[in-house]
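In terms of our numbering, the sequence shown is residues 353 to 484.
Encoded as C-alpha cells, the structure appears first; notes follow it.
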Amino acid sequence: MKKIQSMIYPFWIIISFFIPIFLMIKLYPNYINNEFPLFTDLTLLLFLPAFFIFSYSLIHLLGNILGSVETINNKLILLIQTFLIFISFIISLNFMEFSLAIRIMLSIVFIITSSPHFIITKILYRKHYSQI
Numbered sequence: 353m354k355k356i357q358s359m360i361y362p363f364w365i366i367i368s369f370f371i372p373i374f375l376m377i378k379l380y381p382n383y384i385n386n387e388f389p390l391f392t393d394l395t396l397l398l399f400l401p402a403f404f405i406f407s408y409s410l411i412h413l414l415g416n417i418l419g420s421v422e423t424i425n426n427k428l429i430l431l432i433q434t435f436l437i438f439i440s441f442i443i444s445l446n447f448m449e450f451s452l453a454i455r456i457m458l459s460i461v462f463i464i465t466s467s468p469h470f471i472i473t474k475i476l477y478r479k480h481y482s483q484i
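This is the structure in C-alpha cells:
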C-alpha cells in the first residue's frame, strides 16, 4: 500500500503538467478570423482552468525548489507564490476579449475553481515526503 501511495504524487505531477499543456495548446482562444466566436468563448471555459492548473503546478514546483534552499524561509516562499498567482491572474486577463469587469470576474472564478488542484498537490506532496 505504501508503494502505491508513494507513486501517486509523481503521477499527479506528470498528469498536472501534460493534460493542461495539451488543453492550452488545443483550446487557445483565437478571436482573429474566427467564424464561430461563441465556440471560442466556450473553449475559454476549458482553457482558463487548464491555464491556472498549469500555473499552480509550476508555482508548487518552484516552492519546492525554493524550500530546499535553507536561507529562504517559508514566509518568503508564500509571498513569492502569492505574487506568481497574481501574475498568472494578470496574464489570464489578456486571453479574453470581454469588458474588463467580465474578464476580472471570470479570472477570479477560474482561479478559485482551480485552487483545489493546488491544495490536493500540497497534500500529496506532504504525504509523499512524510513516507520517505
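Ideal placement from N, C-alpha and C gives every residue a C-beta, glycine not left out.
Start and end residues, alpha helix (DSSP H) containing residue i
{"i": "residue 466", "result": "452-483"}
{"i": "residue 401", "result": "389-420"}
Distance, residue j Cα to residue i Cα
{"i": "residue 478", "j": "residue 360", "result": "12 Å"}
{"i": "residue 474", "j": "residue 412", "result": "8 Å"}
{"i": "residue 379", "j": "residue 471", "result": "25 Å"}
{"i": "residue 395", "j": "residue 366", "result": "23 Å"}
{"i": "residue 448", "j": "residue 371", "result": "21 Å"}
{"i": "residue 457", "j": "residue 437", "result": "16 Å"}
{"i": "residue 390", "j": "residue 404", "result": "22 Å"}
{"i": "residue 388", "j": "residue 482", "result": "50 Å"}
{"i": "residue 459", "j": "residue 453", "result": "10 Å"}
{"i": "residue 465", "j": "residue 401", "result": "7 Å"}
{"i": "residue 407", "j": "residue 375", "result": "13 Å"}
{"i": "residue 441", "j": "residue 358", "result": "32 Å"}
{"i": "residue 410", "j": "residue 381", "result": "22 Å"}
{"i": "residue 429", "j": "residue 439", "result": "15 Å"}
Helix, strand or coil at residue i [DSSP, three-state]
{"i": "residue 373", "result": "helix"}
{"i": "residue 384", "result": "coil"}
{"i": "residue 448", "result": "coil"}
{"i": "residue 423", "result": "coil"}
{"i": "residue 436", "result": "helix"}
{"i": "residue 428", "result": "helix"}
Short CB-CB distance (under 7 Å) between residue i and chain D
{"i": "residue 437", "result": "Checking the listed chains, one finds no chain D in this structure; it contains a single protein chain."}
Check your understanding: How do the stretch 403-420 and the stretch 430-450 stand: do at least 3 beta-carbon pairs fall below 8 Å, yes or no?
Key -> Because the criterion of three Cβ pairs below 8 Å is met, the stretch 403-420 and the stretch 430-450 touch.
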